[in-house]
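For the working numbering, add 18 to where a residue sits in the sequence shown, where the first one is 1. Quick reminder that beta carbons are idealized off the backbone N, C-alpha and C, glycines included. Bear in mind that the values here come from a model prediction, so they are computed numbers and not experimental data.
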Amino acid sequence: MGAMGTTQYLETTNGLNTIYNRSDGSILSRVNSDTFWQNRGQNGSGGDQRVLFDINANRWVATGFDDTQTRVVIGVSDTSDALGNWRTTSISVPTLTATNIPDYATLGIDDKAIYIGTNNFDPDYVNSGLFVMPRATLFGLPSTGNNVLLQTDFTYLQPAPNHFTLQAPVNWGTNSDNQTLVLSQKIANPSGLGGFNISNVANAGAASSTFTGDIAGLATYDLNNPDARQPENVQIEVDTLDARISANVYEVNGKVYGVHTVTVTGQTNTSLEWFVIDASTGLRIDSGIIGNPNYDYFQGTIAVNDFGEAVISYNRSGSSSTDGQISIMA
């Protein structure tokens, strides 16, 4: 995952963290992910890192596994310079044992709070949950080096069963009603994922946030996506993941924009389904497919500006030729 700051671009992978100069693309720092977090007071990185640049605070926010894969590490920079001081902490899922794995931590943020979703294993899958931390705590500590964030200001929310990979939006505007829409995949029987649950978190950023329950559902294509085809047209070893949201969703002017990987009914290739839903009701406003039967599209990401203009990027495999696919969202 990557994020663009005022003068830098910060890229995180499961092995390296790289800071680029935004103006010319030159590398300012490239270190092992363990080193990145160890230099900021933690025991290292186990992967699944995410990063955002908060455009209102002009500061970086990063998350991921710690080296033991039993805790989520969280860091926030003191300034817009990713090379400078950061404050960090780590958290574990309070309802599970000390050996649990809070897998695939998601990251959302608005003007009220930061939201981190986890899929919890102990050792098999148990449930999913959401950490909520007031924004004032995240950015409110003095900038005096690698201080520790206040762990007591995290609220852990546990929805009813059947919610997988909880994802709260990135919202650079105003969360005027202190409620935050959260998307999660429905766990289908006997296995796999169905459509989306669309839930609300109330009192976002207050002393105690709560789930207000599911307000809507979003039907989508099923279930277990196949591996992507390589240039030799062999469907093996390129994992397209499942239908979960694999990156951020964005809330802009009362609408939530997202993209995920699907297998359209009757097809054997993976495509991207983009969608726009109403942030208050959870109802679908618009959606569409980016795909081509000759290729596999997967691991899509979306970014949306203040005008509701979206850019979607993705991985595609199957052939070395280009396809010129363009999608325009209403």
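{"Item": "Among Phe83, Gln56, Arg77, which one has its Cα closest to the Cα of Gly64?", "Value": "Phe83"}
{"Item": "Use the C-beta contact count for Ile263: other C-beta atoms within 10 angstroms, 16 or more gives buried, fewer gives exposed.", "Value": "buried"}
{"Item": "Using only CA atoms, which one of Leu156, Gly309, Asn271 lies nearest to Asn76?", "Value": "Leu156"}
{"Item": "Rounded to whole angstroms, what's the CA-CA distance from Asp245 to Glu255? Just pull it up for me.", "Value": "6 Å"}
{"Item": "Taking 6 Å as the limit between beta carbons, can you name the residues of its chain near Gly23, skipping five residues before and five after?", "Value": "Phe71, Ser98"}
{"Item": "Starting from Leu156, follow the alpha helix (DSSP H) in both directions and report where the run begins and ends.", "Value": "153 to 158"}
{"Item": "Where does the unbroken beta strand (DSSP E) through Gln317 begin, and where does it stop?", "Value": "314 to 322"}
{"Item": "Going by other Cβ atoms of all chains shown within 10 Å of its Cβ, with 16 needed for buried, is Thr283 buried or exposed?", "Value": "exposed"}
{"Item": "Does DSSP put Ser305 in a helix, a strand or coil?", "Value": "strand"}
{"Item": "Taking Cβ positions, are Val280 and Val274 nearer each other than 7 Å?", "Value": "no"}
{"Item": "Can you tell which of Gly158, Asn118, Leu201 has its C-alpha closest to the C-alpha of Asp142?", "Value": "Asn118"}
{"Item": "Check each candidate in Ala100, Val219, Phe182, Asn61 and name the one with the smallest Cα separation from Thr30.", "Value": "Ala100"}
{"Item": "Could you tell me the boundaries of the beta strand (DSSP E) in which Thr107 lies?", "Value": "104 to 109"}
{"Item": "What do you get for Thr173, buried or exposed, if any count of 16 or more other CB atoms within 10 angstroms of its CB means buried?", "Value": "buried"}
{"Item": "Who does Glu327 pair with in a DSSP beta bridge?", "Value": "Partner(s): none; Glu327 has no beta bridge."}
{"Item": "Could you tell me which uninterrupted beta strand (DSSP E) segments, each at least 3 residues in length, are contained entirely in the stretch 219 to 257, listed from first to last along the chain?", "Value": "228 to 236"}
{"Item": "Pull up the CB-CB distance for Ala295 and Leu259, whole angstroms please, since I reckon it's below 8 Å.", "Value": "Before going on, a small fix: residue 295 reads as Ile here, not Ala. At roughly 21 Å, the Cβ-Cβ gap does not stay under 8 Å, so Ile295 and Leu259 are not in contact."}
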